[in-house]
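>
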Amino acid sequence: MTEKFLISTQTLCSHYSIEIPFINALDEMGLIKIKIIDQKQFIHQDQISDLEKIIRLHNELKVNLEGIDIVFNLLEKERRLRNELNALKNRLRLYEND
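Pasting the structure below:
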C-alpha cells in the first residue's frame with residue numbers, strides 16, 4: 027500500500043460527519059482496515075466505497091454494526107456463489123458444445 031492512496035481518518039470523519047470511535051469500531055470488526063503511520067490513522071482509497079455503504083446503512087437505515095457485519099458477510103457469500111455459478115455454467119457449455 028503506497029501512502030499516496032491513503033486518506034486520513036480525520037479527513038474522512040469531517041467529510042462524512044462521523045466520529046473517530048465509529049471508524050475504530052469498524053476496524054475492530056474487520057469491516058475496514060486502518061493503517062497507522064506516524065501515529066496517524068489512514069484508510070486506503072479502495073475502502074471508501076465500503077465505508078460509504080456502511081455509513082448509509084448505519085445512518086439512514088439505523089443498522090447497528092453487528093447488522094452491518096452480517097450484511098457484508100452475506101454480500102460476500104452471494105458474490106462467491108455467483109462466481110461459482112458462472113464457472114459451472116462455463117464448464118457446462120464446454121460439454122454442450124461437443
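FYI, our numbering numbers position 68 of the sequence shown as 94, with every residue one higher than the one before it. Ideal placement from N, C-alpha and C gives every residue a C-beta, glycine not left out.
Please report the residue range of the alpha helix (DSSP H) in which F98 lies.
Looking at the DSSP string, the run of the alpha helix (DSSP H) that includes F98 is L91 to E122.
> Answer yes or no: does any C-beta atom of chain D fall closer than 8 Å to that of C39?
Any reference to chain D falls outside this structure, which holds one protein chain only.
> Is T35 buried or exposed, if buried means 16 or more other CB atoms sit within 10 Å of its CB?
So T35 counts as buried.
> Mapping DSSP to helix, strand and coil, what is M27?
Any reading at M27 must be qualified, since the residue scores a pLDDT of 48, below 50, and its modelled position is unreliable; the value itself is stated next. If DSSP states are grouped into helix, strand and coil, M27 belongs with coil.
> What does the Cβ neighbour count give for Q67, buried or exposed, with the cut at 16 atoms within 10 Å?
Buried: at least 16 other Cβ atoms inside 10 Å.
> Is S43 helix, strand or coil by DSSP?
S43: coil per DSSP, three-state reduction.
> Whose C-alpha, out of E54, E122, R119 and Y42, is nearest the C-alpha of K79?
K79 has its Cα closest to that of Y42, out of E54, E122, R119 and Y42.
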